Structure formats: structure tokens, C-alpha cells
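S.K.: Going left to right, the sequence shown walks through residues 1 to 475 as this note's numbering numbers them.
All C-beta atoms, glycine included, are put in the ideal place defined by N, C-alpha and C.
Nothing here was measured: the structure is a model prediction, and the numbers come from that model.
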Amino acid sequence: MSNGKDNILVSDKIEYFCHTSGTTGKQKLIPVTKESRLRASKYMGILLQKFAYNNLKDKWSSEKGLLISDMVTTTYTPSNIPICSATSGGMKGIKHLIPYIYTSPLEIMYIEDKSTSLYLHLLFALKEKKLMYIAGVFISNILDLLRELEKNSKYLIDDIKKGKINKKLNLEKDIRDKLNSYLSPNASRADELEKEFNKGFKNICERIWPNIVYIACVDGASFSIYDKAVHFYTNNIPIYSPCLSASEGTLGINKHCDEIKYIIIPDTVFYEFIDSEDFNKTNPKTLSIDQLKIGKSYEIVLTNFAGLYRYKLGDVVKVVNLFNSCPEVIFLYRKNQILNMAAEKTTEDHITSAIKNTMKKCNTELIDYTTLADNSTSPGKYIFYMEFKKSLPKNQLKKLETTLDLELQKSNLAYNRFRKNSRLSALKVITLSPNTFFKIKESLQKKGISKNQIKIPRVITDNKKILDIIKKILL
């Protein structure tokens, strides 16, 4: 297909290939046709806004929003078919709308460097005092944006005051000139921002954008470790997790702003589901969407409009309710993101719960983490590579390590059982130096992953590049 041959898997023309992030497994090329793209955009472009409005209509203003996204084409196939991320491909389909609904000019959407693009997204959004919302793919993108705001606040104030982008920002001349043409000096807004920045960055979003209504991004599950850090900047602004989506298809939409659960969309793909009790079977029985039961967990299998047939997605969800006749689900974990040395099945959910409780008990702020199964000794143990906001003395690190092991035993009773009978050793925490995960993200972007789709894998399996970066930093 990538070589341009037609009628392989699907008869429709391939518009572009999505490359999956590859952070939790091997990077794949997923074909996208006009039909599969339109099936997704029907919900992503219209219905999500409707649900957000239903929840927040008392504050709704219909002003522009700040969207952290891009339209960068990573490369092309030998037959000249574009390869890009799912979000980039989707944005290209609505690029004619960008000037009317988002604060960032179209030119920013083609900038590859992450820090540069975040800075420019902020610059044009800060001009708009009546900004209504901020949106990104993941909550980690929102956190990166807000940290960029704090880090470069002085430059942003100066650029708004002068109406020109500072020369320290690495931009090609034609792009710089075009973006500068959209700016004009605004000393009063710059003074207003400077006054608020000087008060500190706690609750900054509400102070510089008093009409902001919500933040839209994927949250929940292992992403929830970023919540506390984001809330420092955003205070009580609702965070709306709008959809359950993948490069292979848009699967669910969330009608709630105060909960994270998704209504399975019945017509974007054809669904089959594998009961969690059958995960280890060679040929498991599949269930249709109308056979699912509340309280049960399932792996999603899909057939889409772009040639994927009975494709095991690897995502495991739990049915918590019905919306009319459609299952409402919560995301649990990815099957390849499990710690399972003793068949105890420690999932992302178990790990996230243990980490959040540990950070609270130890009064410590975590930047990010990943884990590795270590069988170099017997019995084996799990290594938690962690980056903290502040370095920890040895006695505090030991306390945190012990607390984390106990909390993991509470969140997963099977882990507790295998710790008690010595089939697993106590976990080990290895602290990483500042900016380790920033360097990991940089490395993943160089590998071809979209800067807005990068997510840190919670379990290192076959991603040796991440482990190599960590080991190099530890040396």
C-alpha cells in the first residue's frame, strides 16, 4: 500500500498514513481514507463541542480557543502518500476554519520544533483576553504549554509590547515576517500581563484569561499524574476529556465535563470485544456491542473503513453504564503496558493509584516516571525510574520507596500476595536528573513521533531507545 498499489485491504484511495506514536510498541503506518476521516471528524468537529456547550453553557462565549496542534507531514511514502500523525491529518481537513476558531495563525501549525511552536501558540493566545478555552491532545501537552508560559513570560510580555517576535526564537525569515505581520504593539495588554505574572503563576490562567471556560484534553488513567501540576496553573477551570480515540479510529465520546467516561460510537468502526477472562486464550470468543455487560472489562477489536479487519487494538476498557443502548466505558490500560513478572497483572491503573497516594503521603511532587521489569536477580523486582521536582535526600527516598511498595500492594492484591510469598522482591526507585523526560520526548520526536502525540510509556518493554537515554543519564 505504501508503494502506491491499489485494492490492497481497501478499495478506496488512501489519503494519508497515520504513524502511531510507537511509545508503547512498534511504530505502525495506519491507512486513512476519505470515508474513515469523515467518520471521525463528524464527531470530533461537531458533537464534542455540543457536549462541552451542554455542560458549560452558562459561561459560554463563542470566542476563539488556543489549540496545541500542528499539520506537520513527517515524510512521504515511495509513492508520495503523506505520512503524519492522526491529529495532523485531522487538522488538514479543517485548515480553512483555523483562522476563525483558533488564536494561532496557520503558519504556526507547520512549525516542527516543540518549544518554538508552544511559544508562538502562547504569544497569539495572550493577545486575546477573551480566550474561551485551551485544547491539546493529552493533559501532558497542556502542562508543557503552561510551563513554557512560566519559563518565557518576560519574552512574551516584551513581544506583545513591541508587536514583534524576539530574535532569540529560531524561525525562518519568511515565517517570522509573516507572523510579525499579524502582530501590532499592545503596551496596555503587556502591562496587564506583567502585573499578573509578577503575582506568581498559581491560578494564572483565570487571571490572564478571565473568560476562559474549559480545557479540553485526554485525561484520566495514567495521565492523571499530571493533574496536580496542571491545577496549580488552572485552579478550578474544568478539564474536559472529550474522546477515546486512536490512529485506527475514533471510539468514544464523553458527554460529561466532570467525569471521564466515554460512550462507544456505534458507526465509526465495527466493534468486537474480548472478555478479560478470555485474554489468554489462543482463539478467544468475541462479543458484539449489544452483548457487553456493566462491570465487565474487554479488549477492543475493530474493523474500520480503511482496511483494518478484526484488528486487536490492545486497549482494555470497563463498561460502567449504558447511554440509551450504547455502552459507556472507562479506559483501564493497554495490554502491553502491564507489569506481569509473576502473573500478577499490575496495570497502569494500579501503578497510577499507588504513585498518587505515595506522592501525597510523602509530600513530594513527581515530574514523570516509567517502569521496567528487572529479572537480573531472583526473585525479580520492578524498577521505577522517577524524576522529581526537587531532589530527595537518601532517607526520604528510602521512605518513598517503602511507601510506594506498600501502596502498590494495596492497589493490586495479587502483587501483595506475591510479595508476601517472596515471588517478587521489593520494588526499587531510581531517581533521574532534571529534564530527563524532556530529553526522552525530544528523542521520540526525532524518531518521527508527532510532538503533540508523545506520551511517556509507563512500562518499558521493547522501546530500547528510552532505556538507553535513561542509562546514559545515569552514568
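Quick check: the Cα distance between Ile111 and Gln445, rounded to an integer number of angstroms?
M.R.: Approximately 13 Å between the Cα atoms of the pair.
S.K.: Please work out which residues of its chain come closer than 7 Å, Cβ to Cβ, to Ser153, disregarding the five sequence neighbours upstream and downstream, and give them in chain order.
M.R.: Cβ within range, chain order: Phe197.
S.K.: Report the partner residues of Ser297 according to the DSSP bridge assignment.
M.R.: Ser297 pairs with Lys318.
S.K.: How would you label Ser117, buried or exposed, when you count the other beta carbons within 10 angstroms and need 16 or more for buried?
M.R.: Burial call: buried.
S.K.: Using the C-alpha atoms, what's the distance from Ala125 back to Leu66?
M.R.: Near 6 Å, if we compare the C-alpha coordinates of Ala125 and Leu66.
S.K.: So, using beta-carbon positions, are Lys335 and Gly307 closer together than 8 Å?
M.R.: No. Outside cutoff.
S.K.: CB-CB under 7 Å to Glu15, same chain, minus the five flanking residues each way: which ones, in chain order?
M.R.: Cβ within range, chain order: Val32, Thr33, Lys34 and Arg37.
S.K.: Take the Cβ of Pro242 as the centre, count every other Cβ of all protein chains shown within 10 Å, and call the residue buried at 16 or more, exposed below.
M.R.: Counting Cβ neighbours within 10 Å, Pro242 comes out buried, since at least 16 surround it.
S.K.: Per DSSP, Pro78 is paired with what?
M.R.: Answer is none; Pro78 lacks a bridge partner.
S.K.: By how many angstroms is the C-alpha of Leu56 removed from the C-alpha of Met359?
M.R.: Cα to Cα, Met359 sits roughly 32 Å from Leu56.
S.K.: How long is the line joining the alpha carbons of Asn357 and Tyr369, rounded to whole angstroms?
M.R.: The straight-line gap from Cα to Cα measures roughly 15 Å.
S.K.: Out of Tyr182, Thr234 and Gln409, which one is the CA nearest neighbour of Gly200?
M.R.: Looking at the Cα atoms, Thr234 is the closest of the given residues.
S.K.: Where does Phe331 land, buried or exposed, given buried means 16+ other C-beta within 10 angstroms?
M.R.: So Phe331 ends up on the buried side.
S.K.: For the beta strand (DSSP E) that contains Ile264, what are its first and last residues?
M.R.: Counting along the chain, the beta strand (DSSP E) containing Ile264 begins and ends at Tyr262 to Ile264.
S.K.: Who are the Cβ neighbours of Trp60 in its own chain at under 8 Å, not counting the five residues just before and after it?
M.R.: Only Tyr53, Met132 and Val213 meet the Cβ criterion.
S.K.: Ser276 and Ser297: beta carbons closer than 8 Å?
M.R.: Yes, these two residues count as a Cβ contact at 8 Å.
S.K.: Can you say whether Met291 is buried or exposed, counting buried as having 16 or more other CB atoms within 10 angstroms of its CB?
M.R.: Just to set this straight, residue 291 is Gln in the shown sequence, not Met. Flag for Gln291 reads exposed.
S.K.: Would you kindly check if the distance between the Cβ of Pro284 and the Cβ of Asp258 is under 8 Å?
M.R.: Against a cut-off of 8 Å, the Cβ pair of Pro284 and Asp258 comes out as no contact.
S.K.: Given a threshold of 16 other Cβ atoms within 10 Å of its Cβ, counted over all protein chains shown, does Thr403 qualify as buried or as exposed?
M.R.: With 16 or more Cβ atoms within 10 Å of its Cβ, Thr403 is classed as buried.
S.K.: Looking at Ile470 and Thr436, is the spacing between their C-beta atoms short of 8 Å?
M.R.: Yes, the pair counts as a contact, with Cβ atoms nearer than the cut-off.
S.K.: Would Leu122 pass as a contact of Ile160 if the rule is Cβ separation under 8 Å?
M.R.: No, these two residues do not count as a Cβ contact at 8 Å.
S.K.: I'd like to confirm the pairing. Which residues does DSSP put opposite Leu67 in its beta bridges?
M.R.: Ala135, per the DSSP bridge assignment.
S.K.: Alpha carbon to alpha carbon, how far is Leu408 from Lys5? Give it in angstroms, no decimals.
M.R.: Each residue's alpha carbon lies about 50 Å from the other.
S.K.: On the DSSP letters alone, give me the boundaries of the alpha helix (DSSP H) that His231 sits inside.
M.R.: Taken as a continuous stretch (DSSP letters only), the alpha helix (DSSP H) holding His231 covers Asp227 to Thr234.
S.K.: From Ile157 to Pro210, what does the alpha carbon distance come to, in whole angstroms?
M.R.: The straight-line gap from Cα to Cα measures roughly 18 Å.
S.K.: So is Asn340 buried or exposed if we call it buried at 16+ other beta carbons inside 10 Å?
M.R.: With fewer than 16 other Cβ atoms within 10 Å, it is exposed.
S.K.: Excluding the five sequence neighbours on either side, which residues of its own chain have a C-beta within less than 7 Å of the C-beta of Val320, listed in chain order?
M.R.: Excluding sequence neighbours, Val320 sits near Lys261, Ile294, Glu328, Val329 and Ile330.
S.K.: If the criterion is Cβ atoms closer than 8 Å, does the pair Ala40 and Ala135 meet it?
M.R.: No; because the gap between Cβ atoms is not below 8 Å, this pair is not in contact.
S.K.: Report the CB separation of Lys410 from Lys381 in whole angstroms; it is logged as a contact under 8 Å.
M.R.: The Cβ separation is near 18 Å, so there is no contact.
S.K.: What is the rounded straight-line gap between the Cα of Asp468 and the Cα of Ser443?
M.R.: For Asp468 and Ser443, the distance between alpha carbons rounds to 11 Å.
S.K.: Could you work out which residue in Leu322, Phe323, Lys255 and Thr352 is closest to Tyr333 when comparing CA atoms only?
M.R.: For Tyr333, the nearest C-alpha among the options comes from Thr352.
S.K.: Classify Leu97: buried if its beta carbon has 16 or more other beta carbons within 10 angstroms, exposed otherwise.
M.R.: Exposed.
S.K.: Does Phe384 pass the burial test, meaning 16 or more other C-beta atoms within 10 Å, or should it be called exposed?
M.R.: By the 10 Å Cβ count, Phe384 comes out buried.
S.K.: Looking at Lys451: is its Cβ nearer than 8 Å to the Cβ of Lys465?
M.R.: No.
S.K.: In the DSSP assignment, find the unbroken beta strand (DSSP E) run with Ile30 in it and report its ends.
M.R.: That run of the beta strand (DSSP E) goes Leu29 to Thr33.
S.K.: Any idea which residues DSSP pairs Ser245 with across the strands?
M.R.: Answer is Thr250.
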